[in-house]
Amino acid sequence: MRPTAIALALLLGSALPCQAAEPPAGRLLASQCFQCHGTNGISVSGIEGLAGESENEIIEEMREMRGETANDIMTAQAHGFTDAEVRLIAQYLATLPKGSSAGGSDHEGD
Ligand code: HEC
-16 MRPTAIALAL LLGSALPCQA AEPPAGRLLA SQCFQCHGTN GISVSGIEGL AGESENEIIE
44 EMREMRGETA NDIMTAQAHG FTDAEVRLIA QYLATLPKGS SAGGSDHEGD
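Going by the working numbering, 28 is the number at position 45 of the sequence shown; the sequence numbering is gapless.
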């Protein structure tokens, strides 16, 4: 490549937004929850689903469980996230469609 071509490539590379391909931060964090609460928050086990829950409810429940001293599963989960992370998770979960088994990649709200 000639120097001008390299310069052009660098320019284009830095000008193109690359966020488009990244999933929302809340999704990355919430994927941890999906192990137990079902893929995309839709439960297939006895554990309740999280998809479409209200943001405030999830935040409140996570705070409550963090305050508990019991050595159970959700206390450990709740301790693992900061308030800001819990908010991102809750915001993301609230955007998920309830109860549908449709794939999560094309839902609205990203
Ligand atoms: C290892 C399995 C596991 C993971 C991972 C997990 N949970 Fe849970 N969760 C449970 C179980 C089991 C319960 C019900 C028993 C309990 O309250 O401890 C529960 C309960 C809850 C509840 C309370 C439901 C209610 O109304 O009582 C909320 C909210 C919740 N989880 C949110 C989350 C979020 C958000 C994440 C991800 C940060 C997460 N969970 C990750 C297993 C898990």
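A virtual CB, placed ideally from N, CA and C, is assigned to each residue, including glycine.
Whole-angstrom C-beta distance between residue j and residue i, which should lie under 8 angstroms
i	j	result
Gly21	Leu76	Contact flag wrong, Cβ pair sits at about 11 angstroms.
Gly35	Pro80	6 angstroms
Contact test: residue i Cβ vs the ligand HEC heavy atom, cutoff 7 angstroms
i	result
His20	yes
Glu44	yes
Asp66	no
Where residue i falls, given that 16 or more other Cβ within 10 Å makes a residue buried
i	result
Gly82	exposed
Ser88	Because the pLDDT at Ser88 is just 42, under 50, the model does not fix this residue reliably, and the value given afterwards should be weighed accordingly. The residue in question, Ser88, is exposed, as its Cβ has fewer than 16 Cβ neighbours within 10 Å.
Ala73	buried
Arg(-15)	exposed
Ala53	exposed
Ala94	With the chain covering only -16 through 93, there is no way to say anything about residue 94.
Ala13	buried
Thr(-13)	exposed
Gly86	Residue confidence for Gly86 is low, a pLDDT of 44 falling below 50, so the modelled location carries little weight and cannot support an answer.
Glu91	Here Glu91 scores only 45 on pLDDT, less than 50, and its place in the model should not be relied on; the value that follows carries that caveat. Classification of Glu91: exposed, given that the 10 Å Cβ count is below 16.
Gly63	exposed
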